[in-house]
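Enquirer: Residue numbers (the numbering used here), protein chains in the order written: chain H, 28 to 279; chain L, 28 to 279.
2 protein chains.
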Amino acid sequence: MKRERITQIAELLDKRGKLSLKQLGEYFPKVSLMTLRRDLFLLEEQGRIIRVRGGAMSVKDVQKTSGEPYVKKTTIHTDEKIEIAQKAAGLIDEGASIFIDAGTTALYLAKEMPDISCNVFTNGLAVATELCKKKNVLVNLLGGPLIKDNLSTASSFSSIYFADTNFELAIISAAAFTPENGFSCGSQMEADLFKVICKKAKFTYMMLDSSKIGKIKPYTFARAEDINVLITDEAFPEGLKESFKALNIVVM
Amino acid sequence: MKRERITQIAELLDKRGKLSLKQLGEYFPKVSLMTLRRDLFLLEEQGRIIRVRGGAMSVKDVQKTSGEPYVKKTTIHTDEKIEIAQKAAGLIDEGASIFIDAGTTALYLAKEMPDISCNVFTNGLAVATELCKKKNVLVNLLGGPLIKDNLSTASSFSSIYFADTNFELAIISAAAFTPENGFSCGSQMEADLFKVICKKAKFTYMMLDSSKIGKIKPYTFARAEDINVLITDEAFPEGLKESFKALNIVVM
DNA sequence: TTCCTTTCTATCATAATTTATCATAAATTT
DNA sequence: AAATTTATGATAAATTATGATAGAAAGGAA
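#1: For a cutoff of 8 Å on Cβ pairs, would you count H:Gly171 as touching chain L?
#2: What separation, rounded to the nearest whole angstrom, lies between the Cα atoms of H:Lys99 and H:Ala129?
#3: Please confirm whether H:Gly44 has its beta-carbon closer than 8 Å to some beta-carbon of chain L.
#4: Would you check if there are 3 or more beta carbon pairs closer than 8 Å linking the region 253-264 of chain L to the region 103-116 of chain L?
#5: Going by other Cβ atoms of all chains shown within 10 Å of its Cβ, with 16 needed for buried, is L:Gly117 buried or exposed?
#6: Where does H:Thr192 fall in DSSP's three states?
#7: Which residue wins for smallest C-alpha separation from L:Leu169, given the options L:Gly151, L:Ile103, L:Lys87?
#8: Among L:Leu39, L:Pro264, L:Arg30, whose alpha-carbon lies nearest the alpha-carbon of L:Asp88?
#9: May I ask you to report which of helix, strand or coil DSSP gives H:Gln90?
#10: When the Cα of L:Leu274 is compared with those of L:Cys212, L:Glu252, L:Leu267, L:Val256, which residue comes out closest?
#11: So is H:Asn193 in contact with chain L if we call contact Cβ pairs under 8 Å?
#12: I'd like to confirm the pairing. Which residues does DSSP put opposite H:Tyr246 in its beta bridges?
#13: Counting only the same chain and skipping the five closest in sequence on each side, list residues whose C-beta sits under 6 Å from that of L:Val256.
#14: Along chain L, in chain order, which residues have C-beta atoms closer than 9 Å to that of H:Leu168?
#15: Under 8 Å, Cβ to Cβ, is there at least one residue of chain L near H:Tyr97?
#16: One question on the structure: do L:Thr247 and L:Ser211 come within less than 8 Å of each other, judged by their Cβ atoms?
#17: H:Leu60 and H:Leu48: beta carbons closer than 8 Å?
#18: Could you run through the region 71-86 of chain L and flag, in chain order, every residue whose CB is less than 8 Å away from some CB of chain H?
#19: Taking L:Leu158 as part of the alpha helix (DSSP H), name the residues at either end of that continuous run.
#20: Using the three-state DSSP reduction, which class does L:Lys99 fall into: helix, strand or coil?
#21: Going by other Cβ atoms of all chains shown within 10 Å of its Cβ, with 16 needed for buried, is H:Asn167 buried or exposed?
#22: What would DSSP say about L:Leu281, mapped onto helix, strand or coil?
#23: Could you pull out every residue in the same chain whose Cβ sits closer than 7 Å to the Cβ of H:Ala181, ignoring the five residues on either side in sequence?
#24: Looking only at its chain, what residues have a beta carbon closer than 7 Å to the beta carbon of H:Gly209, apart from the 5 residues adjacent to it on each side?
#25: Taking the straight line between their C-alpha atoms, what separation do you get for L:Glu72 and L:Ala37?
#26: Expressed to the nearest angstrom, what Euclidean distance is found between the alpha-carbon atoms of H:Glu195 and H:Ala228?
#27: Hey, H:Leu136 and H:Ala115: beta-carbon distance below 8 Å or not?
#28: Using a beta-carbon distance below 8 Å, is L:Leu134 in contact with chain H?
#29: Quick one, which of H:Gly82, H:Ala155, H:Phe184, H:Lys138 has its alpha-carbon nearest H:Glu53's?
#30: For chain L, is any of its Cβ atoms less than 8 Å away from the one on H:Lys244?
#31: Of all Cβ atoms in chain L, is any one closer than 8 Å to the Cβ of H:Cys159?
#32: With a threshold of 8 Å between beta-carbons, can L:Asp41 be considered close to chain H, or not?
#33: Name, going along the chain, the residues of the region 47-68 of chain H whose beta-carbon falls closer than 9 Å to a beta-carbon of chain L.
#34: Are L:Ala201 and L:Lys239 touching if we call contact CB-CB under 8 Å?
#35: Assign H:Asn163 to one of two classes, buried (16 or more other C-beta atoms within 10 Å of its C-beta) or exposed (fewer than that).
#36: Quick check: is the beta carbon of L:Leu267 nearer than 8 Å to any beta carbon in chain H?
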């Protein structure tokens with residue numbers, strides 16, 4: 028049914044932020060791309076989405092909500108971050124207690140997360156807001172001074188806060204990685220927070236898209252050997268994968 | 028049996044959300060599709076379902092899918108709240124350190140607030156997000172478990188948190204007020220938080236639109252004499268104004 | 001730039017769905 | 001039982017949705 032399909036497309040776009048026509052085609056294999064194209068046109072007329080070359084994006088795009096500067100993209104490139112977020116979402120079990128960070132990938136993870144009963148700690152406002160849509164997820168926000176450019180909190184206070192709160196799983200992402208410098212990020216406070224988190228958590232899952240490899244940021248918060256699972260995308264170099272595996276880290 | 032069939036169709040649609048004409052035909056093999064079509068037409072006239080090409084959907088289903096993404100609870104008394112928020116915004120001075128609560132009026136206040144250098148503490152996610160748009164305002168978010176229906180945090184932890192943070196001004200709003208029961212709200216945690224806040228702050232400004240008067244909520248957190256300034260709207264009863272003024276409270 | 005590839009638009013033919021109309025059957029009224 | 005209303009089913013006409021295709025436009029690479 029047309030009406031239903033269009034609704035689904037709109038929902039999908041709200042959730043994913045942007046989609047290429049090809050991706051849409053995978054979701055709706057029964058109809059032709061031409062039809063989907065027409066659906067997008069209709070949705071654009073209603074002001075519910077924005078059509079761009081290659082696909083479409085939701086009106087309130089992810090960049091806006093996560094606080095990243097809004098750049099109007101003219102083309103759609105499939106986001107590795109979503110791929111990673113979907114993988115990570117699949118690893119969350121009922122009843123788990125998890126920390127999730129405040130990054131863009133984490134926001135995608137929040138969107139992709141199953142609505143199962145679990146506890147989630149986060150320092151990201153957008154992540155927290157997103158998670159509030161899930162009925163069964165208990166959300167716990169880390170307080171403190173807000174960092175405006177990524178809508179996150181990170182204070183020296185966090186270690187005290189975590190004294191009485193526990194989570195078994197930390198799913199975090201780094202802004203940069205090299206084998207020599209490990210996982211690093213641009214903020215001292217965040218690095219400190221991550222150190223505490225990693226120590227606190229029984230398992231640390233690192234979400235790292237391949238664009239971060241070879242980059243270095245000022246503050247290292249973990250080494251390769253400190254993590255348990257590395258979640259990454261297709262383009263991740265095989266050699267590096269092997270060296271992670273050699274450290275007994277699951278790469279997926 | 029027409030009547031009965033139509034009721035069954037309506038119930039079926041309520042349960043399943045949406046049905047194609049073909050599916051309906053399987054449920055009612057004794058009648059022709061034309062008849063079922065006519066039934067759907069009647070149901071639509073009564074406003075019980077919505078016909079779409081290929082079948083029909085329940086009203087609820089359509090509303091759900093075409094509706095807003097999140098808690099846009101139809102706020103009433105919007106104008107009064109904005110009026111109050113504007114008054115409150117005018118009372119904020121450069122360099123001040125303020126606590127703002129998580130309510131709807133507080134959100135308007137965040138929007139109306141001048142972009143001057145000051146410190147704002149809040150337990151509201153929406154308030155915090157809004158304030159992040161102001162360059163000069165330092166935002167400090169109270170952490171803890173999130174209450175999903177108003178996107179606020181309120182935990183037993185807050186008093187510890189406030190041990191080392193200071194603000195001179197608390198601008199809060201109550202869900203209800205009577206002279207006998209004072210200012211009250213619907214959540215114990217929030218009431219506790221407000222008590223701590225009022226004690227901590229040098230001055231307490233209460234934003235109270237006139238629709239709250241005469242209502243009582245389970246948890247009282249302050250009495251009339253505990254506040255310093257009452258910010259309200261035009262419709263606020265004169266008599267009550269006088270009794271506040273008699274307590275040396277500024278009413279505006 | 002120029003060429004090449006991809007994506008988009010426009011158009012048409014076809015398929016599916018709905019509406020309109022009429023005749024008949026069933027129920028209801030007189 | 002006859003007359004009248006109402007419900008149903010069948011059919012054709014109209015509308016709408018879809019898929020295919022060719023040419024136009026846009027983006028990327030040499």
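All C-beta atoms, glycine included, are put in the ideal place defined by N, C-alpha and C. As the structure is a prediction and not an experimental result, all values here were calculated from the model.
Expert: Taking the definition as stated:
#1: Within the first sequence, numbered from 1, the residue matching residue 171 of chain H stands at position 144. It does; some Cβ of chain L falls within 8 Å.
#2: Locating residue 99 of chain H in the first sequence gives position 72, counting from the first residue. Locating residue 129 of chain H in the first sequence gives position 102, counting from the first residue. For H:Lys99, the predicted structure reports a pLDDT of 44, less than 50, and the residue's modelled location is therefore unreliable. A value from the coordinates is still provided. Spanning the two alpha carbons is a distance of roughly 22 Å.
#3: By 1-based counting over the first sequence, the position of residue 44 of chain H is 17. At a cut-off of 8 Å between beta-carbon atoms, H:Gly44 makes no contact with chain L.
#4: The region 253-264 of chain L is in contact with the region 103-116 of chain L.
#5: Within the second sequence, residue 117 of chain L is the residue found at index 90, counting from 1. Flag for L:Gly117 reads exposed.
#6: What you label residue 192 of chain H is simply residue 165 of the first sequence in a count that begins at 1. Coil.
#7: Position 142 of the second sequence, counted from the start, is the residue given in the question as residue 169 of chain L. Of the residues L:Gly151, L:Ile103, L:Lys87, the one whose Cα lies closest to the Cα of L:Leu169 is L:Gly151.
#8: Residue 88 of chain L sits at position 61 when you count from the first residue of the second sequence. Considering only alpha carbons, the answer is L:Leu39.
#9: The residue given as residue 90 of chain H occupies position 63 in the first sequence. Legend: pLDDT at H:Gln90 = 48, less than 50; position of this residue unreliable, value from coordinates given subsequently. H:Gln90: helix per DSSP, three-state reduction.
#10: Start at 1 with the first residue of the second sequence, and residue 274 of chain L comes out as number 247. Minimum Cα distance to L:Leu274 is reached at L:Glu252.
#11: Translated into the one-based positions of the first sequence, residue 193 of chain H becomes position 166. With 8 Å as the cut-off, H:Asn193 does not count as an interface residue toward chain L.
#12: As a position in the first sequence, residue 246 of chain H is number 219, starting the count at 1. Looking at the DSSP output, H:Tyr246 sits in a beta bridge with H:Cys212.
#13: Here residue 256 of chain L is taken as the residue at index 229 of the second sequence, counted from 1. Counting only Cβ-Cβ distances below 6 Å, and skipping sequence neighbours, we find Tyr232, Val277.
#14: As a first step, residue 168 of chain H is located in the first sequence; it is residue number 141 there, counting from the start. Within chain L, the residues near H:Leu168 are Leu152, Leu168, Leu169, Gly170, Gly171, Pro172, Leu173, Thr180.
#15: In the first sequence, the residue the question calls residue 97 of chain H occupies position 70. Residue confidence for H:Tyr97 is low, a pLDDT of 39 falling below 50, so the modelled location carries little weight and cannot support an answer.
#16: Walking along the second sequence from the start, residue 247 of chain L turns up at place 220. Walking along the second sequence from the start, residue 211 of chain L turns up at place 184. Less than 8 Å divides the Cβ of L:Thr247 from the Cβ of L:Ser211.
#17: Numbered from 1 along the first sequence, position 33 holds the residue referred to as residue 60 of chain H. Numbered from 1 along the first sequence, position 21 holds the residue referred to as residue 48 of chain H. Going by C-beta atoms, H:Leu60 is nearer than 8 Å to H:Leu48.
#18: Listed by position, the residues of the region 71-86 of chain L near chain H (Cβ gap below 8 Å) are Val79, Arg80, Gly81, Gly82, Met84.
#19: Within the second sequence, numbered from 1, the residue matching residue 158 of chain L stands at position 131. The continuous alpha helix (DSSP H) containing L:Leu158 extends over residues 152-158.
#20: Looking up residue 99 of chain L in the second sequence gives position 72. Caution applies to L:Lys99, whose pLDDT of 43 falls short of 50 and renders its modelled position unreliable; the model cannot decide the point.
#21: On the first sequence, residue 167 of chain H is found 140 positions in, with the first residue counted as 1. A residue is called buried once 16 or more other Cβ atoms fall within 10 Å of its Cβ, and H:Asn167 is buried on that count.
#22: For residue 281 of chain L there is no data in the structure shown, the boundaries of chain L being 28 and 279.
#23: Taking the first residue of the first sequence as 1, we reach residue 181 of chain H at position 154. Leaving aside the five residues that flank H:Ala181 on each side, the residues in its chain whose CB is nearer than 7 Å to its CB run, in chain order, Asn150, Gly171, Ile174, Ser214, Met216, Glu217, Leu220.
#24: Reading the first sequence from its first residue, position 182 is the one you call residue 209 of chain H. Answer for H:Gly209: Thr247, Ala249, Arg250, Ala251, listed in chain order.
#25: Translated into the one-based positions of the second sequence, residue 72 of chain L becomes position 45. Translated into the one-based positions of the second sequence, residue 37 of chain L becomes position 10. Approximately 13 Å, taken between the alpha carbons.
#26: Translated into the one-based positions of the first sequence, residue 195 of chain H becomes position 168. Translated into the one-based positions of the first sequence, residue 228 of chain H becomes position 201. Looking at the two C-alpha atoms, the distance is approximately 5 Å.
#27: Indexing the first sequence from 1 puts residue 136 of chain H at position 109. Indexing the first sequence from 1 puts residue 115 of chain H at position 88. Contact: yes.
#28: The count along the second sequence starts at 1 and reaches residue 134 of chain L at position 107. Answer no: the Cβ-Cβ gap between L:Leu134 and chain H never drops below 8 Å.
#29: As a working mapping, residue 53 of chain H is identified with position 26 in the first sequence. Taking H:Glu53 as reference, the option from H:Gly82, H:Ala155, H:Phe184, H:Lys138 with the minimal CA-CA separation is H:Gly82.
#30: To locate residue 244 of chain H, count along the first sequence from 1; it is residue 217. At a cut-off of 8 Å between C-beta atoms, H:Lys244 does not count as an interface residue with respect to chain L.
#31: Counting from one through the first sequence, the residue named residue 159 of chain H turns up at place 132. Closer than 8 Å: yes.
#32: For this step, residue 41 of chain L is matched to residue 14 along the second sequence. No, its Cβ sits nowhere closer than 8 Å to a Cβ of chain H.
#33: Of all residues in the region 47-68 of chain H, none has a Cβ within less than 9 Å of some Cβ in chain L.
#34: Your numbering for residue 201 of chain L matches position 174 in the second sequence. Your numbering for residue 239 of chain L matches position 212 in the second sequence. Yes; because the gap between Cβ atoms is below 8 Å, this pair is in contact.
#35: In the first sequence, the residue the question calls residue 163 of chain H occupies position 136. Taking all protein chains in view, the Cβ of H:Asn163 is surrounded by fewer than 16 other Cβ atoms within 10 Å, so the residue is classified as exposed.
#36: As a working note, residue 267 of chain L is residue 240 in the second sequence. Put simply, the CB of L:Leu267 is far from chain H, with every gap to its CB atoms at 8 Å or more.
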